[in-house]
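Numbering (our numbering), first residue to last: 14 to 407. We put the beta carbon where it would ideally sit given N, CA and C, even for glycine. This structure is a prediction, so every number in the text was calculated from the model and none was measured.
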């Protein structure tokens with residue numbers, strides 16, 4: 014039972030030792046990994062072609078209808094200096110509690126309405142146009158960072174779980190977790206600009222035709238960029254799903270840890286691309302509370318696909334992806350905790366398998382759980398605050 018697991022562990026350890034002995038550089042390691050990916054692509058050609066069409070279908074049906082028009086509208090707003098207009102209205106409400114400049118409300122609202130990766134995209138635009146400092150830009154990247162409400166409520170809540178209430182629980186956790194990150198990081202920001210003087214006013218410089226042409230071109234580039242990442246990671250997910258060896262390894266680990274089948278596997282796939290992880294986690298034989306909490310974690314963490322998209326926007330600004338990914342991981346843990354507490358209190362039923370719902374009322378346990386959560390929250394806050402201070406110093 015454990016032979017394959019031990020064998021893979023030995024292979025990983027020996028590979029690390031070999032890399033150390035050969036003194037391979039980072040570029041050489043990446044080249045080897047890309048070569049292995051090409052080999053896997055050729056070996057699993059039919060699976061990769063099928064996965065490409067799956068990813069393309071997702072881009073056409075889900076990403077293109079939402080991301081493209083929203084990007085065009087936001088680009089038009091930026092060109093007509095809508096940032097300064099909306100900053101005066103929304104800035105004091107959204108940004109003042111977080112100690113951000115008023116113009117930071119624009120990417121936060123974009124993220125709230127449309128989700129990944131538009132929040133990051135407009136953070137980069139604001140920084141590039143000179144609206145915010147680099148210190149505020151780094152904070153804003155992790156605050157304007159949540160999954161799309163359409164995906165959480167529509168795709169997960171209604172389509173996958175069959176209950177819109179679950180979608181709203183996930184949405185609340187995914188909105189609160191970046192705000193909590195913002196509150197824990199605000200002590201590290203010493204100054205922010207809320208003056209009424211903004212650096213760029215572009216609307217008067219060009220006619221409407223030029224502005225809409227530029228806005229559409231920018232939106233097309235953004236949509237193609239995001240769509241390409243979705244297709245590439247659909248291929249990677251397809252190869253992983255087709256690997257019986259990976260399935261066996263995760264099945265054995267789940268048996269050793271006494272976890273529900275596919276629970277760890279779903280979280281693993283979700284850490285690569287969260288849509289696939291959500292699909293698997295909704296079908297596992299486990300309590301609805303665990304399902305929601307695990308889904309909330311992977312949606313807030315976002316996965317390697319979204320982190321790759323973020324990197325494509327922030328690459329020219331020399332941003333540390335390690336710090337960003339670590340904070341996203343913390344955000345995932347916060348979101349998991351919030352969802353677990355909320356669902357334990359609000360959901361009075363459902364220990365589920367694929368088709369079985371067992372009604373179980375446990376009001377006393379809920380009260381005890383709520384008390385424990387209240388006692389643990391200050392401790393978690395102190396721990397997270399300490400981690401952020403260490404990150405800021407480094």
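8 Å Cβ cutoff met for residue i and residue j
i           : j           : result
residue 253 : residue 282 : yes
residue 306 : residue 228 : no
residue 285 : residue 249 : yes
residue 132 : residue 243 : no
residue 348 : residue 303 : no
residue 184 : residue 163 : no
residue 321 : residue 72  : no
residue 64  : residue 290 : no
residue 124 : residue 145 : no
residue 199 : residue 336 : no
residue 50  : residue 61  : no
residue 287 : residue 316 : yes
residue 297 : residue 273 : yes
residue 97  : residue 344 : no
Closest residue to residue i among the options (Cα-Cα distance)
i           : options            : result
residue 360 : 337, 63, 179       : 179
residue 339 : 259, 154, 274, 257 : 154
residue 354 : 85, 271, 301, 110  : 301
residue 352 : 82, 313, 141, 319  : 313
residue 236 : 224, 261, 334, 134 : 134
residue 168 : 328, 308, 345, 326 : 308
residue 99  : 119, 262, 189, 176 : 119
residue 57  : 186, 197, 188, 256 : 256
residue 318 : 261, 260, 247, 41  : 247
residue 220 : 92, 333, 105       : 92
residue 232 : 143, 139, 225, 84  : 84
residue 148 : 195, 105, 245      : 195
residue 152 : 177, 332, 346      : 332
residue 294 : 88, 358, 170, 238  : 170
residue 271 : 299, 139, 245      : 299
residue 102 : 115, 358, 110      : 115
residue 89  : 79, 222, 265, 258  : 222
residue 346 : 42, 187, 74, 76    : 187
residue 173 : 38, 341, 48, 292   : 292
residue 192 : 78, 43, 121, 48    : 121
residue 358 : 182, 258, 266      : 182
Residue range of the alpha helix (DSSP H) that includes residue i
i           : result
residue 60  : 58–71
residue 120 : 118–127
residue 138 : 131–141
residue 307 : 301–314
residue 8   : The structure shown does not extend to residue 8, since the chain is modelled only from 14 through 407, so no value can be given for it.
residue 101 : 95–107
residue 268 : 257–269
residue 195 : 177–198
residue 76  : It is not in any alpha helix (DSSP H) - residue 76 carries neither H nor E in the DSSP assignment.
residue 284 : 276–285
residue 155 : 147–156
Three CB pairs or more closer than 8 Å across the segment 154–163 and the segment 122–130: yes
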